[in-house]
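Protein chains in written order, with my numbering: chain L, 2 to 302; chain S, 539 to 847.
Glycine is no exception: its CB is placed at the ideal position from the N, C-alpha and C atoms.
Just so we're clear, the structure is a prediction, and the values are computed from it rather than from any experiment.
The block underneath contains the structure these notes are about, expressed in structure tokens.
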């Protein structure tokens, strides 16, 4: 009797400890979830708290100064968006083309596998390495110097793998029946892609473009040695060969080599400006698209 | 593909009849196909061009510096012709390993929470929140580290500067957290539900099921997440450069100001003439980074080829 009872007790104890473990694990997981959210909120809150008071029309659109306090970041803001626009204008057609090929044409051949591996590899190449590649090819071999054009072309390398992936994924979510219907009606493959597949995949592709654009806007390492750390003397200079310092590069440059007395203030302002832009790109621009996606998804069923 | 072939055959027979639109459409169809293929092949061309140009520029270093010196000496003094990159390599490796040690577990636990514990409402907030972590520019991470973390580390641990691998790895750990988290979530969600239910039905607790059934089943995906996070950490430049102290010396403690492959490229590239031994040595460091990241991609292929999830 005695030993059996003891055994029972032992077993009972064991179960209790396992149950407690289970409970503790759950508490820990909730804790981690809370930490992740709180950290982000604190991060964003702190940057906005420090930076928002600095933002004024003069700061956002004013000219920067090398030595004196009170400079703005107008040229840098312009350069950021100008280079983003140029790089997107080059990368979107290429990436959508490649994405279409991978989603619609590619069979499991050596060539396709090679292309897939290339896209994956390109996505993991550190951005500083892309920057140095741009420095060799665009800045030196093609004699572009540190310029908006050199920076924009190097940014293309960063955008391409991300855009190819979202295009391919968006196209794959388009129901096969759409395509089959179009082909059955006698349309060619190209007609089917242009008139049926791409329009259905468009919300997904545009979401991907917006998110990629947000990333490209904050990119720094790739641009220091291709677009440089100077800006044109003229405000809003669209000259492709002008110096192409962006907001993010300016923030880094100020902190590492800046001479202006109010550099902390300017840095705070740029931080807030970058975060606001990122928030707009991630939520304001993407939300209607997400809605569209959900709607078209619903009609598919 | 058969359809295309069939249509092409069709065009042969139709040549006699209608000379107009259909022919042209088939021609365009073929053109489109080749254009798409060209765009896709461009990706392969680009990656080879990167390997070729960065490699060629970097390997020129070896005409002046022996590989043994470059990889095994920690003496970096370009003015005296000493190009030993060991301190940078060690700096990169140590800060990457530390970053994984910090961000890896946090990301994995976060993934378990998001995939299996969090209620739907919270999940709807957490997914975009993790995307936002990725979207924050790395200079901003570096900046916050510089004005908040470094002074705090300096005062709390009474070190002279507060710069060093601990500062950079703490920030790196946060930066790689979303990478670990989002890929692990997908891996966890891909584990077939019956596996989980069978374990629960046998009387295992939820946590036992997680440890003994779900996590092992999701292992290939989780390994992929960790390797991708490592690739991101070792290639990260701006935040590290702002926090590590930028001194070419071997890591001896968490607070030794040191440098990594990436940070040293950013610091010194501006001062070196293009084509000099010094400049080439920096390109060689970039080439080392490139090779490491390509090896990581191959490692991921290896994991995913083996596993299910």
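Using three-state DSSP, classify residue 654(S) as helix, strand or coil.
helix
Cβ contact check for the segment 732-741 of chain S and the segment 817-828 of chain S: 3 or more pairs under 8 Å:
no
Assign residue 690(S) to buried or exposed, taking buried as 16 or more other Cβ atoms, counted over all protein chains shown, within 10 Å of its Cβ.
exposed
Would you identify the three-state DSSP class for residue 175(L), choosing helix, strand or coil?
coil
Unbroken alpha helix (DSSP H) run spanning residue 69(L), endpoints:
In this chain, residue 69(L) is not harboured by any alpha helix (DSSP H), its DSSP state being neither H nor E.
With a Cβ-Cβ cutoff of 7 Å, do residue 701(S) and residue 783(S) count as a contact?
yes
Taking only beta carbons into account, state which residues of the segment 589-623 of chain S come closer than 7 Å to chain B, listed in chain order.
Looking for chain B here will not work: the only protein chains present are L and S.
Report the three-state DSSP secondary structure of residue 64(L) (helix, strand or coil).
Looking at residue 64(L) - three-state DSSP - the assignment turns out to be coil, as it is neither helix nor strand.
Indicate the three-state DSSP secondary structure (helix, strand or coil) for residue 79(L) in the structure shown.
helix
Pull up the distance between the alpha-carbon of residue 629(S) and that of residue 63(L), whole angstroms please.
For residue 629(S) and residue 63(L), the distance between alpha carbons rounds to 40 Å.
Strictly under 7 Å for the Cβ-Cβ distance: is residue 628(S) near chain L by that measure?
no
Counting contacts by CB-CB distance shorter than 7 Å, is residue 769(S) in contact with chain L?
yes
Strictly below 8 Å CB to CB, what residues from chain S border residue 75(L)?
Simply none; closest approach about 19 Å.
Near the ligand HEM: residue 113(L) beta-carbon under 6 Å from a heavy atom:
Only the bare structure without any ligand can be found here, which leaves the ligand HEM out of the picture.
Mind listing which residues of the segment 741-762 of chain S have their C-beta closer than 8 Å to chain L's C-betas, in chain order?
743, 744, 745, 746, 748
Determine the direct distance from the alpha carbon of residue 118(L) to that of residue 241(L), and round the result to whole angstroms.
Taking the CA atoms as reference points, residue 241(L) sits about 33 Å from residue 118(L).
Just to check my reading of the structure: residue 814(S) and residue 759(S) have Cβ atoms closer than 8 Å, yes? What is that Cβ distance to the nearest angstrom?
Between residue 759(S) and residue 814(S) the Cβ distance is about 45 Å, and since that is not below 8 Å, they are no contact.
With residue 763(S) as the anchor, note down where its alpha helix (DSSP H) starts and where it stops.
Annotation: the continuous alpha helix (DSSP H) that includes residue 763(S) extends over 757-773.
When burial is assigned at 16 or more other CB atoms within 10 Å of the CB, is residue 21(L) buried or exposed?
exposed
Test item: CB-CB of residue 619(S) and residue 611(S) under 7 Å:
Going by C-beta atoms, residue 619(S) is not nearer than 7 Å to residue 611(S).
What residues in the segment 70-102 of chain L bring their beta carbon closer than 7 Å to a beta carbon of chain S?
Taking 7 Å as the upper bound on Cβ-Cβ separation, chain S lies near residues 95, 98, 99, 101, 102 of the segment 70-102 of chain L.
Counting only beta-carbon atoms, is residue 714(S) nearer than 7 Å to chain L?
no
State the beta-bridge partners of residue 783(S) as determined by DSSP.
796(S)
Would you say residue 37(L) faces chain S, with C-beta separation under 7 Å as the test?
yes
What residue range is occupied by the uninterrupted alpha helix (DSSP H) comprising residue 251(L)?
248-258
Determine the closest residue to residue 697(S) out of 718(S), 794(S), 843(S), 822(S), with distance taken between C-alpha atoms.
Nearest C-alpha to residue 697(S): 794(S).
How about residue 279(L) and residue 215(L): are their beta carbons less than 7 Å apart?
yes
Among all the DSSP beta bridges, which residues are the ones paired with residue 821(S)?
Answer is none; residue 821(S) lacks a bridge partner.
Meets three-Cβ-pair contact criterion under 8 Å: the segment 148-165 of chain L and the segment 703-721 of chain S
no
So that I know if they touch, is there some Cβ in chain L lying closer than 7 Å to that of residue 675(S)?
It does: the Cβ of residue 675(S) has a partner Cβ on chain L nearer than 7 Å.
Cβ atoms of residue 123(L) and residue 176(L): under 7 Å apart, would you say?
Result no, Cβ atoms of residue 176(L) and residue 123(L) do not sit closer than 7 Å.
Using CA atoms only, rank isn't needed, just tell me which of 172(L), 98(L), 52(L), 193(L) is closest to residue 181(L).
193(L)
Please say whether residue 812(S) and residue 160(L) have beta carbons closer to each other than 7 Å?
no
CB of residue 132(L) within 7 Å of CB of residue 35(L), strictly:
no
Name the residue from 575(S), 716(S), 728(S), 725(S) whose alpha carbon lies nearest to the alpha carbon of residue 107(L).
575(S)
When you compare the CB positions of residue 204(L) and residue 290(L), do they come within less than 7 Å of one another, or not?
yes
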